[in-house]
Every structure is written in C-alpha cells, then in structure tokens.
Amino acid sequence: MNEKFSASAGSVVAGIDVGGTFTDLLLIDGKAGGKVHIAKTPTTVENQAFGVVAALGATGFPVEGIDLIVHGTTTTTNAVLERRLARTGMITTRGFRDVIELGRRTRPQA
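As numbered in this note's numbering, residues 39 to 148 make up the sequence shown, in order.
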C-alpha cells in the first residue's frame, strides 16, 4: 500500500495500544477543534480485536468518522522481552535457502 495519509487539522485520528491488562485509546477529533476522547478497556487476551472494538465503542465516537487508526501493542514487545514466544520453525523449498538473508536484506550482491 503506497497511499500516504497526512493528518490535518480537520482529521479524526485514533491511537490504540493493546497492553497485557488494558487496551488504551486516545482519539483526537480535529473536526471539533481538537476535542480529545480517551478510553481504557480490559484487554481480551483470547482475541485482542475485541478489546480494540470495545475501546472504540467506549469513546462514543462513530467509528466510520475516524480518518486514521494507529495501532501499537506492548503485548508483543513484552513477549519478546520476556522470551514468552511460541517455538517456531521455517520450511523452505529447495533452491531458496537464502530466503532468510533476503528477508533481512543481508544477502551479498552478486
């Protein structure tokens, strides 16, 4: 997606952080002179989308009126820092063993 968004004075922007305990939301309504809406709802571990939807609903602001939603999550950061990650592996097709280097952009140029 190459579409760029530039928040202007007339934009409605919501920032959401999904944490281990709470989902926090800050919404700035540029169409109403910068009115701020804040919500804090419990994080739903089994499906974090439920907590996000609950936070959006708790603001009382119509979702269809939001121009941009910026999402972040401390749950992923915490999982990495605390090393609570799922065991994973990678399977690749013969002849594509350099796929990891490609993904990291560390593959030597020929």
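We treat Cβ as the ideally placed atom computed from N, Cα and C, and that holds for glycine.
All values derive from a computational prediction rather than experimental measurement.
- Non-local beta-carbon contacts of V50 in its own chain, meaning distances under 8 Å to residues more than five positions away in sequence, involve L65, I66, D67, G68, K69, F99, G103, I104, D105 and L106 in chain order.
- Excluding sequence positions up to five before and after V101, its CB lies within less than 6 Å of the CB of L94, all in the same chain and listed in chain order.
- The alpha-carbon separation between E139 and R125 amounts to approximately 21 Å.
- When the Cα atoms are used, L123 and T113 turn out to be separated by approximately 11 Å.
- Assigned with DSSP and collapsed to three states, T114 falls in helix.
- In this model, V91 and D62 are separated by some 11 Å (Cα to Cα).
- For G95, the enclosing alpha helix (DSSP H) stretches over residues Q86 to A96.
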